[in-house]
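J.: Throughout, this note's numbering is defined as the position within the sequence shown, counted from one, plus 2.
Virtual Cβ for every residue (Gly too), placed ideally from N, Cα, C.
Every value quoted in this text rests on a predicted model; they were computed, and no experiment measured them.
One structure, as structure tokens, below. Some questions next.
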Amino acid sequence: MKKILTLTALFIILQGCTQKNKTMITQNPAITANNIVDELAKQVKHYPKEPTFLINYERSWCFMEIFVNDMLVYKEFDESMSSTSFEISNYIFKSGTQKISYKLYPIGKLKSETDIYNSLIDNTLLKIEIEEFDVSKSRNPEGKIVKEFTSPMSITKDEYGNETEKFIATGKDYYEGSLTFEAKIPYELEGFENAQDLRKLDAKILERKLVKQYAALRDIYQNKEYDNIAKTSYNSLRDQFIAEYQTKENIQSIWEELIGAFKEPSFEMQPIENYKLVFFAEGKLVALMQTTQDNRLRGNTALWAKVNHDGGLRPMFLNSYFYIPQGETEFKVY
Numbered sequence: 003m004k005k006i007l008t009l010t011a012l013f014i015i016l017q018g019c020t021q022k023n024k025t026m027i028t029q030n031p032a033i034t035a036n037n038i039v040d041e042l043a044k045q046v047k048h049y050p051k052e053p054t055f056l057i058n059y060e061r062s063w064c065f066m067e068i069f070v071n072d073m074l075v076y077k078e079f080d081e082s083m084s085s086t087s088f089e090i091s092n093y094i095f096k097s098g099t100q101k102i103s104y105k106l107y108p109i110g111k112l113k114s115e116t117d118i119y120n121s122l123i124d125n126t127l128l129k130i131e132i133e134e135f136d137v138s139k140s141r142n143p144e145g146k147i148v149k150e151f152t153s154p155m156s157i158t159k160d161e162y163g164n165e166t167e168k169f170i171a172t173g174k175d176y177y178e179g180s181l182t183f184e185a186k187i188p189y190e191l192e193g194f195e196n197a198q199d200l201r202k203l204d205a206k207i208l209e210r211k212l213v214k215q216y217a218a219l220r221d222i223y224q225n226k227e228y229d230n231i232a233k234t235s236y237n238s239l240r241d242q243f244i245a246e247y248q249t250k251e252n253i254q255s256i257w258e259e260l261i262g263a264f265k266e267p268s269f270e271m272q273p274i275e276n277y278k279l280v281f282f283a284e285g286k287l288v289a290l291m292q293t294t295q296d297n298r299l300r301g302n303t304a305l306w307a308k309v310n311h312d313g314g315l316r317p318m319f320l321n322s323y324f325y326i327p328q329g330e331t332e333f334k335v336y
């Protein structure tokens, strides 16, 4: 979620003798939990052609992370194989060349497997399709493939001329690659072109400040400050719904689902711990990413909760990434 924060005093805590502390948010002061749906719906525009983009993938014998324009959009740390599709339109900020990156990791020891795989194997495979749809007249249109990609393989021949194909990074504990495709969209989002390169700042100072900001955000959710949640959620939801050409009815439904999870009595924010500083978007974004080897939690920021869902406590991730615009001294969160 995107929220505006300052480097020195993100939040002003109002303290009272008999009152519970409440966090004062200065971002989006006119936004409340009651009017956020109306305000978001006002930002969405419709066009004669409304392109949206999906990634279809097929993965074998590896875990993976997929990035669009150097922003983490999807991860898979469960089972040895999978295939599905997911939307990427809200990570496409303007027309032009878009970059897809991927990182592949060994699957280690899975419950469903007897062997341990501490390195990538011959059968490691990732296939990616970029598919474009026009949703201006139907939410289920026929798509067209604009890019296809298969992770690189090497071919060797034995003494008899028999060919064997295997993954190019067999035996390694990590592999990454990238591809590009062209996208033409009718809208333009702000993105991070005018953000500072945070890699140039002192990493220890940056980390200390981020820890404080994550802790402050944690308090907002734990204390169920719904107006503040609305204020700090508005910017990222706005970008998402613009890119999805969402209807007001769907915006209402999504917001109610989010608030419903926060209102759940079992909702419990978890400690900010076991993290490392990681940069995204060519250094324009930074986050505290979890360092756990628990496959249910890997690939997420240190801001998360547990909530009762489908008959048991499940993790709920409130992933937050920080940036600073050029010429400013305030953090913003995406």
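DSSP three-state call for Glu115: helix, strand or coil?
T.: coil
J.: Just the Cα atoms here: how many angstroms apart are Pro154 and Lys174?
T.: The alpha-carbon atoms of Pro154 and Lys174 are separated by roughly 14 Å.
J.: Alpha carbon to alpha carbon, what distance is there between Val148 and Phe169?
T.: 25 Å
J.: Whole-angstrom Cβ separation of Ser91 and Glu246, contact assumed at under 8 Å?
T.: 6 Å
J.: According to DSSP, Gln100 sits in a beta bridge with which residue or residues?
T.: Phe183
J.: For Arg210 and Lys278, I'd like the C-alpha separation in whole angstroms.
T.: 11 Å
J.: Cβ of Leu56 within 8 Å of Cβ of Ser85?
T.: no
J.: Pairs of beta-carbons, one from the stretch 319 to 331 and one from the stretch 189 to 207, closer than 8 Å: are there three or more?
T.: yes
J.: Decide if Lys47 is buried, meaning its Cβ has at least 16 other Cβ atoms within 10 Å, or exposed.
T.: exposed
J.: Just curious, the alpha helix (DSSP H) that Ser238 is in, first and last residue?
T.: Tyr228 to Glu246
J.: Looking at the strands, I want to know which residues DSSP matches up with His311.
T.: Beta-bridge pairing links His311 to Gly314.
J.: Is the beta carbon of Ile244 less than 8 Å from the beta carbon of Tyr323?
T.: no
J.: Taking DSSP as the reference, what is the three-state secondary structure of Trp257?
T.: helix
J.: Mind pulling the beta strand (DSSP E) runs of 3 or more residues that sit fully within the stretch 25 to 96?
T.: Listed in chain order, the complete beta strand (DSSP E) runs (minimum 3 residues) inside the stretch 25 to 96 are 53 to 62, 65 to 70, 73 to 78 and 83 to 89.
J.: What does Thr303 pair with, by DSSP beta-bridge criteria?
T.: Met291
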